[in-house]
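Below is one structure, written out as structure tokens; comments come after it.
Number of protein chains: 2
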Amino acid sequence: MRIGVDIMGSDHGPSVPALGAVMAARELSPDVTLVLIGDPASIETVLEKEGADRSRFEIVPSTDDITMSDNPTKALQTKPRSSISLGFGMMKSGQLDGFASTGNTGAMLVGSIFSVKPIAGVIRPCIPSIVPKEDGNYGILLDVGANADCKPDVLEQFGLLGAMFAKHVFHIDSPRVGLLNIGEEEKKGDILRQATYGLMKETDKYHFVGNVEGRDLFNGKADVFVTDGFTGNVVLKAVEAFHDLMKRHGVSDPFFDRFDYEGYGGLPVLGVNGNVIIGHGISNAITIKNMIKFTGDVINSKLNERIREALL
Amino acid sequence: MRIGVDIMGSDHGPSVPALGAVMAARELSPDVTLVLIGDPASIETVLEKEGADRSRFEIVPSTDDITMSDNPTKALQTKPRSSISLGFGMMKSGQLDGFASTGNTGAMLVGSIFSVKPIAGVIRPCIPSIVPKEDGNYGILLDVGANADCKPDVLEQFGLLGAMFAKHVFHIDSPRVGLLNIGEEEKKGDILRQATYGLMKETDKYHFVGNVEGRDLFNGKADVFVTDGFTGNVVLKAVEAFHDLMKRHGVSDPFFDRFDYEGYGGLPVLGVNGNVIIGHGISNAITIKNMIKFTGDVINSKLNERIREALL
Chain A
6 MRIGVDIMGS
16 DHGPSVPALG
26 AVMAARELSP
36 DVTLVLIGDP
46 ASIETVLEKE
56 GADRSRFEIV
66 PSTDDITMSD
76 NPTKALQTKP
86 RSSISLGFGM
96 MKSGQLDGFA
106 STGNTGAMLV
116 GSIFSVKPIA
126 GVIRPCIPSI
136 VPKEDGNYGI
146 LLDVGANADC
156 KPDVLEQFGL
166 LGAMFAKHVF
176 HIDSPRVGLL
186 NIGEEEKKGD
196 ILRQATYGLM
206 KETDKYHFVG
216 NVEGRDLFNG
226 KADVFVTDGF
236 TGNVVLKAVE
246 AFHDLMKRHG
256 VSDPFFDRFD
266 YEGYGGLPVL
276 GVNGNVIIGH
286 GISNAITIKN
296 MIKFTGDVIN
306 SKLNERIREA
316 LL
Chain B
6 MRIGVDIMGS
16 DHGPSVPALG
26 AVMAARELSP
36 DVTLVLIGDP
46 ASIETVLEKE
56 GADRSRFEIV
66 PSTDDITMSD
76 NPTKALQTKP
86 RSSISLGFGM
96 MKSGQLDGFA
106 STGNTGAMLV
116 GSIFSVKPIA
126 GVIRPCIPSI
136 VPKEDGNYGI
146 LLDVGANADC
156 KPDVLEQFGL
166 LGAMFAKHVF
176 HIDSPRVGLL
186 NIGEEEKKGD
196 ILRQATYGLM
206 KETDKYHFVG
216 NVEGRDLFNG
226 KADVFVTDGF
236 TGNVVLKAVE
246 AFHDLMKRHG
256 VSDPFFDRFD
266 YEGYGGLPVL
276 GVNGNVIIGH
286 GISNAITIKN
296 MIKFTGDVIN
306 SKLNERIREA
316 LL
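Chains A and B, in that order, are what the protein sequence lines are. According to my numbering, the stretch in the first sequence is residues 6 to 317, in order. According to my numbering, the stretch in the second sequence is residues 6 to 317, in order.
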């Protein structure tokens, strides 16, 4: 297995992702090669300092990297030697089984859609988020930002992508898919939700459990919460902000530590022909280690093959 | 001043709102008369038991009350002697300066729009929520559920309604109005947000500060957060659920107590010709006391006159 790691996408400079990769290699199975894409000198310094087993790494030099302020679409075209462009090029040509980056999210998304491309039958790829449940399990909320405007057929299909992710990566049997809405009854919600409900209740591709509300996010009513990328992003950021507020007020509780994304480190773009994992630029080395290991889990799950089969 | 109180809208039966009213009368100025609408025997029992000053109360008997499972529009038509129908009738004929209820929210909203009616120039009345800020101040999030589908001109006007509410009831000078979005730049968001931004930046009716995100809800970037009733409701319920989770896990912190709605007890319908305050059916007597006092605050603020003037 070959996992590409973007070394240039960290807010803390290249040494942090390089260190995360060294830590990941120590915990991953020996058949995993980490392809480190970035500034060779910075990478070499970290590998040397850490006494890393060089046989586990390949270095692909990048130049002119995509920054957080770059326009995603333009940057991928004008910076072909950037770490993100190189990563997608290698994904496309089959040289990588997965690619993980904490860099420009927009560029990662554009690369996913226009370089590795959507799986045949996927209308709109999307980004899920993981929501800890009160009972110790995890729920999936999607989309959280890839698609601000969604049509009913897109939301209906997010149910399938979310169910596949929950089943094959989180090992939840027959995930219960709910439509995030502002009331439980079938006729509740805006026009989009009413039309989507009609499509979801007819599907035989997953187990639809009806409408769920914002208050159900952390309880046991559903495993997958389907929403448009606008609502999903606003809700996710509001809950994250509330959690940050708790932490800043010194409120500490092991249950709420599960709300930290550090445990898995990144999230896949669902519905594209490749295992693309996006993390946060502020991640520390341990979080990046977890993101790389999670990339391995997603590759091993054969999630994309399962999505392809489900869409046949 | 005459405040109507729905005695029949509590999940706990009529004695709880009656007790809340007795407690409110003791704290309100002596010129306030509370008009208790409900079952006379239940009300008399509480007034007697509490040794209440009878000169502060009037009793209006109701029958056949609207329940939580009633269809709001139908119930108002078919149950003219219910406490909610009677309250709106008295509002319309000028016998009440305000009306507070913890009953069927839909019926309260339908009554507000079809009985007391929108203020001339208001496109769509809405319901705000109060969000505690980290700095000790309060923010206003609106709409939180009255309008699932909104057009740009509706959202633009929510900015005005929210700014008026923040200014006249919460005494925030020149409230900063933000558009709740999924990025800060002008072109971010879905089609609705992009069109709304264009309208808001042209307004001279309030101080527009641009896009704000879910993560800004509790910080100092804006005083008013404008969104459609779908997104607002989902976000509000998700944050409330997270707060409930904190409480259930025994996490206690005085800062977070401010997230309990008990302190104000209810919220006004903004943009209608009357002071209509909606509370939660689960409220205890103290919360209902606070809702009634808050109704008095809203009446005293002359909020609706200020909205009328602003729309001229």
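Built from N, CA and C at the ideal position, the CB exists for glycine as well. As the structure is a prediction and not an experimental result, all values here were calculated from the model.
A direct Cα-to-Cα measurement between A/D36 and A/I304 gives close to 13 Å. Here A/T236 is buried. Its C-beta has 16 or more other C-beta atoms within 10 Å. Positions of the alpha helix (DSSP H) runs, each at least 4 residues long and wholly inside the segment 30-104 of chain A, are given as 45-54, 77-83 and 88-97 in order along the chain.
In summary, A/I12 is buried, with 16 or more beta-carbon neighbours lying within 10 Å of its beta-carbon over all protein chains present.
Membership of A/F230 in any alpha helix (DSSP H) is not indicated; the residue belongs instead to the beta strand (DSSP E) covering V229 to V231. Ranked by Cα distance from B/L204, the first of B/S120, B/P22 and B/D158 is B/D158. In the three-state reduction of the DSSP assignment, A/D11 falls in the strand class.
Taking CB atoms only, B/D262 has no neighbour in chain A less than 8 Å away. Distance between A/F170 and B/D70, taken at the CA atoms: about 48 Å.
Rounded to whole angstroms, the Cβ separation of A/F163 and A/V231 is 5 Å, and the two are in contact under 8 Å. Identification of residues in the segment 163-192 of chain B having a C-beta nearer than 7 Å to some C-beta of chain A yields L185 and I187, given in sequence order. Note on A/K206: under 16 other CB atoms within 10 angstroms of its CB, so exposed under the neighbour-count rule. Setting aside the 5 residues that flank it on each side, B/L160 is surrounded in the same chain by T201 and V231, each with a C-beta closer than 6 Å to its C-beta; the list follows chain order.
With the criterion set as a beta carbon lying under 9 Å from some beta carbon of chain A, the segment 46-68 of chain B has no members that meet it.
The C-beta of A/M205 comes no closer than 8 Å to any C-beta of chain B.
Under the 8 Å Cβ criterion, the segment 182-189 of chain A counts as touching the segment 206-215 of chain A, having at least three qualifying pairs. The C-beta of B/M73 has fewer than 16 other C-beta atoms within 10 Å across all chains shown, which makes the residue exposed. Contact check for A/M296 against A/I287 fails: the beta carbons are separated by 8 Å or more. For B/Y202, the enclosing alpha helix (DSSP H) begins and ends at I196 to M205. Think of a sphere of 7 Å around the beta carbon of B/I196: the chain A residues whose beta carbon falls inside it are D154, in chain order. Per DSSP, reduced to three states, the secondary structure at B/V115 is helical.
A/K122 is positioned such that its CB atom lies closer than 8 Å to that of A/N278.
Non-local C-beta neighbours of B/V229 in its own chain, meaning closer than 6 Å and more than five positions away in sequence, comprise I145, G167, A168, A171, P180 and V182, ordered along the chain.
Here A/S120 carries a helix assignment [DSSP, helix/strand/coil]. Around the beta carbon of A/G301, 16 or more other beta carbons sit within 10 angstroms, so the residue counts as buried. The shortest CA-to-CA distance from B/K307 to any of B/M95, B/L275 and B/T78 is the one to B/L275. Sorting A/N289, A/E314 and A/R263 by C-alpha distance to the C-alpha of A/I135 places A/R263 at the top. Only buried fits B/N152, as 16 or more other CB atoms lie within 10 angstroms of its CB.
Here the C-alpha atom of B/D249 lies approximately 20 Å from the C-alpha atom of B/I293.
In terms of beta-carbon proximity, B/F299 stays away from the interface with chain A, with every pair separated by 8 Å or more.
Listed along the chain, the chain A residues whose CB falls inside 7 Å of the CB of B/V239 are L185, I187, G219, T236 and V240. Counted as a single uninterrupted DSSP element, the alpha helix (DSSP H) harbouring B/H173 occupies residues P157 to H173.
Taking 8 Å as the cut-off, the Cβ atoms of A/L81 and A/A112 count as close. The three-state secondary structure of B/R181, taken from DSSP, is strand. A direct Cα-Cα distance of roughly 12 Å separates A/D258 from B/R253. Here the alpha carbon of B/K84 sits roughly 7 Å from the alpha carbon of B/S90.
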